[in-house]
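Structure, as structure tokens:
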Amino acid sequence: MGTAFRFAGNSPLNQAKTAALISQAVNKLHEADKVFSLYKPESPLSQLARGETSVAKCPAVVDEVWNLCEQWQKITDGWFSPFTPEHTFDPSGLVKTWAAQAGIDVLLGAGLTDFSLNAGGDVFIGPGVTEGIQKKLGIHKPVSIAAESAGVLTVIDLAGTQFNSLATSGIAERGAHIWNPRNLEREPTGLLQVSVVADDLVKADVWATAAFAAGMQGVALLNAVPNLEALFVLQTGDLAATDGFIKLFAKP
3 MGTAFRFAGN SPLNQAKTAA LISQAVNKLH EADKVFSLYK PESPLSQLAR
53 GETSVAKCPA VVDEVWNLCE QWQKITDGWF SPFTPEHTFD PSGLVKTWAA
103 QAGIDVLLGA GLTDFSLNAG GDVFIGPGVT EGIQKKLGIH KPVSIAAESA
153 GVLTVIDLAG TQFNSLATSG IAERGAHIWN PRNLEREPTG LLQVSVVADD
203 LVKADVWATA AFAAGMQGVA LLNAVPNLEA LFVLQTGDLA ATDGFIKLFA
253 KP
């Protein structure tokens, strides 16, 4: 997927059992990468984009993700779409966190709850993580990580909230890879990035993509979504946010 994933936390199990579970979780990520990566020319999704195969001939999981994307397209009133201006299927705004959630579910299903997962900057905090500093998350500045000005934009604290996930969409590191699904144009939206906090990792990821595509309309769009808050960074350098985001700023 062109990114890195990192599990961190504490396990009540011995080292061997914990390592085996982590291996199972990581395998979920590799399986998804093998099928859905558009960075790999041999992946079924890359072949689909080139018109060399069909959804029916792809692994069944492609149809599953296709249907899930269509569900989210309806939920977001069309602001999230997996269909590119080039008329190819690109579920990147969902599939990374969908795969991450599959790995998370392996650990949760085995009783591991005191852990976090950083999925290329999208973060999940397990339900057993101790309240306090472990639930403080930094939001990266909307610049390339190689830039001298790279660093933390702000810190939020999810302790005592219903939120467990943070996802960010923007153009700083991967360029203009998000399009306006209303007119199928990769055009400036007036934003540099959108960071969404939610009670579900896929939900946070999808709405971050949808809000970025919507531009400044995204603030009102996300204000209407329950159990979700967001921070917008404009191309002017100004900030905007949903009504309740200010309550999440970490105290010094």
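Numbering (the working numbering), first residue to last: 3 to 254. C-beta atoms are modelled at their ideal positions from N, C-alpha and C, and glycine is treated no differently.
Coil, strand or helix - residue i by DSSP
i, result
"K42", "coil"
"Q164", "coil"
"I24", "helix"
"G123", "coil"
"K1", "There is simply no residue 1 to check, as the chain begins at 3 and stops at 254 in what is shown."
"E231", "strand"
"L203", "helix"
"Q195", "strand"
"I158", "strand"
"A216", "helix"
"S13", "coil"
"F82", "coil"
Beta-carbon proximity check, residue i vs residue j, cutoff 8 angstroms
i, j, result
"P196", "A206", "Reading off the sequence, residue 196 comes out as Val, not Pro. Contact: no."
"G217", "T191", "yes"
"L193", "L236", "yes"
"V108", "K30", "yes"
"F165", "A10", "no"
"A58", "D124", "no"
"V221", "F82", "no"
"T5", "G122", "yes"
"A215", "P254", "no"
Cβ neighbours of residue i in the same chain (closer than 7 angstroms, five flanking residues each side left out)
i, result
"D202", "S167"
"Q75", "F82 and S83"
"T90", "A51"
Rounded straight-line distance, which links the Cα of residue j to that of residue i
i, j, result
"P93", "E72", "10 angstroms"
"F276", "V145", "Here the chain covers residues 3 to 254 and nothing more, so residue 276 does not appear."
"L155", "E54", "43 angstroms"
Other residues of its chain near residue i: CB distance less than 8 angstroms, five sequence neighbours each side excluded
i, result
"S56", "L50"
"P61", "V37 and P46"
"N12", "D116 and F117"
Own chain, CB closer than 6 angstroms to residue i, minus 5 neighbours either side, in chain order
i, result
"R8", "N120"
"A112", "L23"
Count Cβ pairs between the segment 94-109 and the segment 220-234 that sit closer than 8 angstroms; are there 3 or more?
In short, these stretches do not touch, since the Cβ pair count stays below three.
Examine the Cβ distances between the segment 83-97 and the segment 55-72 and report whether three or more of them are shorter than 8 angstroms.
Yes: the two stretches touch, three or more of their Cβ pairs being nearer than 8 angstroms.
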